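Heads up, the thing below is written out as structure tokens.
There are 2 protein chains.
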Amino acid sequence: MKPISVLLVDDHLVVRSGLKALLGTQPDITVVAEAASGEEALAAVQQHPADVVMMDLAMGEGMDGIEAIKRLRLASKQQAVLVFTTYDSDADIVRAVDAGAMGYVLKDAAPEEIFAAVRGAAQGKSVMSAPVASKLFQQLRNPDEVLTPREAELLSLLTRGLSNRELGKRLFISEATVKTHLAHIYAKLGVETRAAAIAVAIRREGMR
Amino acid sequence: MKPISVLLVDDHLVVRSGLKALLGTQPDITVVAEAASGEEALAAVQQHPADVVMMDLAMGEGMDGIEAIKRLRLASKQQAVLVFTTYDSDADIVRAVDAGAMGYVLKDAAPEEIFAAVRGAAQGKSVMSAPVASKLFQQLRNPDEVLTPREAELLSLLTRGLSNRELGKRLFISEATVKTHLAHIYAKLGVETRAAAIAVAIRREGMR
DNA sequence: CCCGGCATCAGCCAAAAGGCGGAGAGACCA
DNA sequence: TGGTCTCTCCGCCTTTTGGCTGATGCCGGG
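Here it is as structure tokens:
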């Protein structure tokens with residue numbers, strides 16, 4: 006049996022080096038390449054077609070992890086993409102799964118969990134950390150709390166600190182409509198004021 | 006010459022393991038212990054009185070990095086504390102320096118920079134990444150934009166989505182005073198509304 | 001073809017937030 | 001002692017926001 010080949014994508018050298026050290030302890034797993042950005046990852050996968058791509062979502066400048074996943078999937082369906090990141094925001098999870106990620110593991114996971122995720126991904130199985138799975142269930146159970154595209158768009162601008170008037174101009178809708186959307190958003194997020202909505206959006210929904 | 010002993014504090018195993026691998030390549034630096042939380046760090050430093058403590062600021066549950074630095078400094082002035090973290094938010098930097106950190110290095114720094122920081126800290130010198138130094142200068146140049154302790158406290162609660170009334174109750178001050186503080190905060194942050202203030206606070210000031 | 005969800009808009013009213021000027025007490029420093 | 005900060009508080013007025021009710025057009029599934 007050939008070992009599982011892995012491509013690491015993370016903008017932090019320490020993380021890559023730590024991951025390599027960890028994975029190196031497993032005889033059936035080999036790190037064949039590393040990349041510090043989405044761009045590098047796309048290039049690296051040409052040279053080293055790995056079985057599993059472990060990817061961070063937040064990567065400083067340039068292409069973000071989600072975009073990188075999409076392009077990787079487009080370029081070739083050979084390798085499975087495993088998200089390996091710090092945060093478990095609802096929005097990130099949904100977007101990653103949507104982009105075609107096979108698994109979602111948090112950086113504070115135990116080594117065994119990480120190994121299991123890599124092996125699972127290599128076999129085409131979905132693996133995710135408990136908190137991540139729990140969030141996904143949450144969403145499935147309460148579809149009433151899922152924002153519509155328009156609401157999400159508005160919320161995103163809201164976190165930029167715009168007033169109702171400004172939101173209206175930006176989205177080419179009347180202030181009245183802005184208010185209606187806001188009322189719906191508040192209900193779905195479980196808040197009463199725009200201030201709280203912004204706080205929730207940035208922290209929970211990951212709208213940075 | 007004895008090698009420099011280092012204690013690593015970070016809640017992510019991958020980061021600790023990567024850092025250990027990196028520092029291990031330097032003959033004059035030895036990692037003598039690791040800790041995954043502020044509490045563990047305080048205990049570990051008793052067993053292994055290291056020359057330098059490398060500490061992350063964001064550490065999930067429990068004591069945060071700033072608090073850990075303060076307690077470490079109280080417990081013993083022997084070791085130098087070097088902050089090693091992902092973000093360079095103004096608030097974090099100021100608070101860390103205030104708590105007694107000797108240096109501030111970002112996780113995306115080059116290995117040489119990390120080594121230099123460890124050696125510097127061991128010799129009692131201050132070392133910080135360029136972006137960090139730049140932010141500090143910024144603050145020195147514009148002291149008008151630095152929040153007072155009370156203002157920072159209020160802003161922190163503001164990002165929780167509280168109303169003026171709630172802020173007043175929480176801080177045992179009148180709503181009028183809350184408004185006064187807010188006006189000052191808005192001026193310092195360069196915004197006009199509480200929504201924008203929250204956005205800036207969470208993103209720029211790192212008040213998560 | 002009707003119903004439900006979505007997006008759009010209106011008007012009314014109460015509450016909250018924000019702008020402005022003024023002011024006193026305590027701390028700290030030159 | 002005088003000047004400067006910081007924190008505290010007041011009143012008055014305008015703007016913004018949020019709650020409520022109701023309505024229209026569009027689209028897609030049953």
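If you're matching them up, the sequences are chains A and B in order.
For the first sequence, this note's numbering assigns the number 6 to the initial residue and increments by one for each residue that follows.
For the second sequence, this note's numbering assigns the number 6 to the initial residue and increments by one for each residue that follows.
Every residue, glycine too, gets a C-beta built ideally from N, C-alpha and C.
Since the model is a prediction, treat every value here as computed from it, not as a measurement.
Contact annotation, Ala104 of chain A with Lys75 of chain A: C-beta distance approximately 5 Å; criterion of less than 8 Å satisfied. Rounded to whole angstroms, the gap between the alpha carbons of Met60 of chain A and His189 of chain B is 42 Å. According to the DSSP assignment, Phe89 of chain A belongs to the beta strand (DSSP E) that extends over 85 to 90. Counting other Cβ atoms within 10 Å of its Cβ, Gly195 of chain B stays below 16 and is therefore classed as exposed.
Shortest Cα-Cα distance from Thr185 of chain A to any of A:Tyr109, A:Glu72, A:Leu159 involves A:Leu159. Considering only beta carbons, the part of the region 103 to 116 of chain B lying closer than 7 Å to chain A consists of Lys112, Asp113, Pro116, in chain order. Rounded to whole angstroms, Ser168 of chain A and Pro8 of chain A show a C-alpha spacing of 56 Å.
Secondary structure of Ala202 of chain B (DSSP, three-state): helix. For Gly108 of chain B, the enclosing beta strand (DSSP E) stretches over residues 108 to 111. Under the Cβ distance rule, Thr35 of chain A does not count among the residues neighbouring chain B, no pair being separated by less than 8 Å. Ile178 of chain A: not part of any alpha helix (DSSP H); DSSP gives it neither H nor E. Separation of Glu197 of chain B and Val151 of chain A (C-alpha to C-alpha, rounded to the nearest whole angstrom) is 31 Å. With its beta carbon less than 8 Å from one in chain B, Ile203 of chain A belongs to the interface. At a C-beta separation below 8 Å, Thr198 of chain B has these neighbours in chain A: Gly166, Ser168. Nearest neighbour of Ile71 of chain B by Cα position, chosen from B:Gln83, B:Val57, B:Leu87, B:Ser81, turns out to be B:Leu87. Here the region 48 to 56 of chain A does not lie against the region 18 to 30 of chain A, with fewer than 3 beta-carbon pairs under 8 Å apart. The Cβ atoms of Asp95 of chain B and Lys130 of chain B do not sit closer than 8 Å to each other. For Arg175 of chain B and Lys193 of chain B, the gap between their C-alpha atoms comes out near 23 Å. With three or more CB-CB distances shorter than 8 Å, the region 105 to 124 of chain B counts as touching the region 26 to 40 of chain B. When the beta-carbon positions are compared, Val57 of chain B and Gln83 of chain B stay at least 8 Å from each other.
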